[in-house]
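**Q**
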Amino acid sequence: MKGSEYLADGPPSPAGPPAAPVAPFISRRGADLRYSSYDVLVVGGGIAGLTAALGAANRWNVGLITKSTLDQTTTFLAQGGIAAAMSPHDSPELHFKDTLEAGVGLCDEEAVRVLVEEGPARIRELEELGTRFDKRDGKLILGKEGAHSRARVVHAGGDATGSVVASALADVITSGGRVELHENEFVIDLLMDGGRCVGAASLGEEGELTVSLARAVVLACGGAGQVYSRTTNPLVATGDGHAMAYRAGAVMRDMEFMQFHPTAFYGAENPTLLLTEALRGEGAYLRDDAGERFMVGSHPRAELAPRDVVVRHMRRIFDRDATDHVWLDARHLEAAFLRKRFPTVYNGLAKRGFDLCTQLIPVAPASHYFIGGVLTDTWGRTTIPGLYACGETASTGIHGANRLASNSLLEGLVFGERTVRELNRYLAVADPAVRKVKLGLADEVREGNDPAAVAEGRALVGRTMTDLCGIVRDREGLDKARETLEALQASLAAPGLNVAELELFNLLSVAEHIVAAAILREESRGVHLRSDFPERDDGHWRCHILARRDPGSGRPALETGPVESREEA
Ligand code: SIN
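Residue numbers for the sequence shown follow this note's numbering, beginning at 1 and rising by one.
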């Protein structure tokens, strides 16, 4: 196997560290190779990617590649809204405190300050761009969600915030012609040169391989909810950004923390319908089979306790009553209000034969938001020069061990915009263009894997993670999960140029990380619940878990790192 090379004009770039002795992820054999070149290549079309691409396009030549279409993102499905201190009864300080409290001791304070202080300006900019947030008498209507001390969730279209915001941003992208948009194009891997990221290789719908050289790459590929068999995330949320950053040698952080949303519709669909937390914010209850409101008396905020707390109490009910779901009750709320405020949920349930206004709705937790991600500073910089990350792909430290509801769209906006400011600084002084790159693609013919085996492999990852590394974990189950994932990995041939296969490899990589970090963290904190270590242990575990690829084995090597915070433990 030997690497292939793409030569462009100009002197050779400086030699970097020796390449890791791990087989190249992509084989070019049999593919039609094309080339593009940008100042900035953004990967991902959710709120963070759209924000970064739009901002960067004010000064730079920008390409945006998304694996599906702009209306098939996790952002597009977001219901609740965007948290920001927009009311005179609120302040960034209160938002800061709530975020830290929800994050159970692991939030990075500086990053949270940035989030809460810059958030309101980003919301106003979205409005200037044409986003119509829900208002009454000209004033924003602010919703309440779990663990917020104030009503501060800006929403649009009732519970259609994600699609309204994403459409507003996408309209500017598609009408302005300032960003070169490539939909249905799957970015497979990053291109590295001398330890610096210089672009990405992607697979088009016709099987063509495109080499996009770029002076900077922004990963905004969303999360990895599809690692689990029950998820609110769309089918495309397969951790591609996480996996490719890891393969390139970036440091990953807090991969054990996958947040489960308490109220996803109880059904066997993938993805499952989210029943927004804003429903509980408007007064909906959670009930057990006997009709009891089990959160009352369990937490001072009852149904509006932090998300991890609600999920833990649901688990308690599941164990006590030998069941796997509870009930969401909105029957006491006014029907006309429910239909207007929650059209997505109301219509989604109606399609499934349920009436939100008159029936109890069965709900159970589902994977929803991946806190773990590519380590970045507050300017989107990863540990690899030329590589940036924002949104759910990144780990800025704002979420700690449990994300505060509706801080994620805000994160995409705030850190997408800050990434642009940093790109402006970096590109003003960085090398003007990438001139010569060793692509590092394999030249062997790859048969790939049988599609049925790939589909079964994906299902196996989902089942394994749900059963053995889901809401509750223990060492025995985690060891079994690790063995199962390793056996699956060993049974697969190197991936061919096929999206389903490449996604499976990415899912496996992320699952391997989650399990490894979950084994290491011997305590229970936030969304990570170990039945064999049921207590929070600040003495040993008030720290982050960092992972980077061991160049010899290709496997994650883990270590702990400090929390950048002055808050009291
Ligand atoms: C929801 O609408 O409940 C989801 C909001 C979020 O995940 O932040």
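Positions of the beta carbon are idealized from the N, C-alpha and C atoms, including for glycine.
DSSP three-state label for residue 246, please.
**A** Residue 246 falls in the helix class under three-state DSSP.
**Q** Ignoring anything shorter than 4 residues or poking outside the region 86-117, list the alpha helix (DSSP H) runs there in chain order.
**A** If we require 4 residues or more, the alpha helix (DSSP H) runs fully inside the region 86-117 come out as 92-102.
**Q** Starting from the Cα of residue 61, find the closest Cα among 76, 358, 52 and 67 and give me that residue.
**A** Out of 76, 358, 52 and 67, 52 has the C-alpha closest to the C-alpha of residue 61.
**Q** Note down the Cα distance separating residue 213 from residue 550, rounded to an integer number of angstroms.
**A** Answer to the nearest angstrom: the Cα atoms are 26 Å apart.
**Q** Tell me whether the region 425-434 and the region 219-236 touch, counting them as touching only if at least three CB pairs, one residue from each stretch, are closer than 8 Å.
**A** Cβ pair count under 8 Å is below three, so no.
**Q** Counting pairs of beta carbons, one from the region 497-515 and one from the region 278-294, are three or more of them closer than 8 Å?
**A** In short, these stretches do not touch, since the Cβ pair count stays below three.
**Q** What residue range is occupied by the uninterrupted alpha helix (DSSP H) comprising residue 448?
**A** No alpha helix (DSSP H) contains residue 448, which DSSP labels as neither H nor E.
**Q** So, is residue 332 buried or exposed, given that buried needs 16 or more other C-beta atoms within 10 angstroms?
**A** Classification of residue 332: exposed, given that the 10 Å Cβ count is below 16.
**Q** What residue range does the alpha helix (DSSP H) around residue 541 cover?
**A** Element bounds for residue 541: 538-541.
**Q** What would DSSP say about residue 461, mapped onto helix, strand or coil?
**A** Residue state, collapsed to three classes: helix.
**Q** Using only alpha-carbon positions, find the residue among 24, 97 and 352 that is nearest to residue 117.
**A** Here the closest residue by C-alpha is 97.
**Q** Just to confirm, does residue 74 get its C-beta within under 7 Å of one of the non-hydrogen atoms of the ligand SIN?
**A** Flag unset: Cβ of residue 74 not near the ligand SIN.
**Q** What ranges does the alpha helix (DSSP H) occupy inside the region 181-256, keeping only unbroken runs of at least 4 residues that lie completely in it?
**A** With a minimum length of 4 residues, the continuous alpha helix (DSSP H) runs that stay inside the region 181-256 are 240-247.
**Q** Which runs of the beta strand (DSSP E), 3 residues or longer, sit entirely within the region 269-293?
**A** Segments of the beta strand (DSSP E) lying fully in the region 269-293: 285-287.
**Q** Rounded to whole angstroms, how far is the Cβ of residue 246 from the Cβ of residue 509, which I believe are closer than 8 Å?
**A** Contact flag correct, Cβ pair sits at about 6 Å.
**Q** Kindly identify the DSSP beta-bridge partner or partners of residue 258.
**A** 370.
**Q** Hey, is the region 158-171 in contact with the region 123-140, meaning 3+ C-beta pairs nearer than 8 Å?
**A** Cβ pair count under 8 Å is three or more, so yes.
**Q** State the CB to CB distance for the pair residue 220 and residue 80, rounded to an integer number of angstroms; the pair is presumed to be in contact (CB under 8 Å).
**A** Wrong, their Cβ atoms sit about 20 Å apart, outside the cutoff.
**Q** Indicate, with yes or no, if the ligand SIN has a heavy atom lying under 7 Å from the CB of residue 369.
**A** Checking the Cβ of residue 369 against the ligand SIN gives yes.
**Q** For residue 293, which of 326, 322, 307 and 321 has the nearest alpha-carbon?
**A** Nearest option by C-alpha distance: 326.
**Q** Excluding the five sequence neighbours on either side, which residues of its own chain have a C-beta within less than 7 Å of the C-beta of residue 324, listed in chain order?
**A** Here the set comprises 318 and 364.
**Q** To test your reading of the DSSP string, which unbroken alpha helix (DSSP H) runs of 4 or more residues are found completely within the region 498-539?
**A** With a minimum length of 4 residues, the continuous alpha helix (DSSP H) runs that stay inside the region 498-539 are 499-520.
**Q** Report, in whole angstroms, the separation of the C-beta atoms of residue 102 and residue 404, which I expect to be a contact under 8 Å.
**A** Contact flag correct, Cβ pair sits at about 4 Å.
**Q** Would residue 635 be called buried (16 or more neighbouring beta carbons within 10 Å of its own) or exposed?
**A** Outside the shown range of the chain (1 to 569) lies residue 635, about which nothing can therefore be said.
**Q** Using 8 Å as the threshold, is the C-beta distance between residue 87 and residue 225 below it?
**A** No, the Cβ-Cβ distance between residue 87 and residue 225 is not below 8 Å.
**Q** Which class does residue 125 belong to by DSSP, given the choice of helix, strand or coil?
**A** Correct three-state label for residue 125: helix.
**Q** Which of the three DSSP states is assigned to residue 40 in this structure?
**A** Strand at residue 40.
**Q** Which stretch, first to last residue, makes up the beta strand (DSSP E) that contains residue 474?
**A** That residue, residue 474, is in no beta strand (DSSP E); it is neither H nor E in DSSP.
**Q** Check the C-beta distance from residue 352 over to residue 265 and give it rounded, since I have them as a contact under 8 Å.
**A** The pair is a contact, with the Cβ atoms about 7 Å apart (cut-off 8 Å).
**Q** Please report the distance separating the alpha-carbon of residue 574 from that of residue 517.
**A** Beyond the ends of the chain as shown, which are 1 and 569, falls residue 574; an answer cannot be given.
**Q** What do you reckon, is the C-beta of residue 277 under 7 Å from a heavy atom of the ligand SIN?
**A** Correct: residue 277 has its Cβ closer than 7 Å to the ligand SIN.
**Q** Looking only at its chain, what residues have a beta carbon closer than 7 Å to the beta carbon of residue 238, apart from the 5 residues adjacent to it on each side?
**A** 224, 226, 503, 506 and 507, listed in sequence order.
**Q** Just to confirm, does residue 147 get its C-beta within under 7 Å of one of the non-hydrogen atoms of the ligand SIN?
**A** Answer for residue 147: no, Cβ out of range of the ligand SIN.
**Q** Is it the case that the Cβ atoms of residue 515 and residue 488 are separated by a distance below 8 Å?
**A** Not in contact: residue 515 and residue 488 (Cβ atoms no closer than 8 Å).
**Q** Residues in its own chain within less than 6 Å of residue 441 by CB, not counting five upstream and five downstream?
**A** Closer than 6 Å at the Cβ level, and outside the excluded window around residue 441, lie 4, 24, 26 and 28.
**Q** Helix, strand or coil for residue 9? Go by DSSP, reduced to three states.
**A** With a pLDDT of only 31 at residue 9, under the threshold of 50, the placement of this residue in the model should not be trusted; the figure read from the coordinates follows. Of the three classes helix, strand and coil, the one that applies to residue 9 here is coil, per DSSP.
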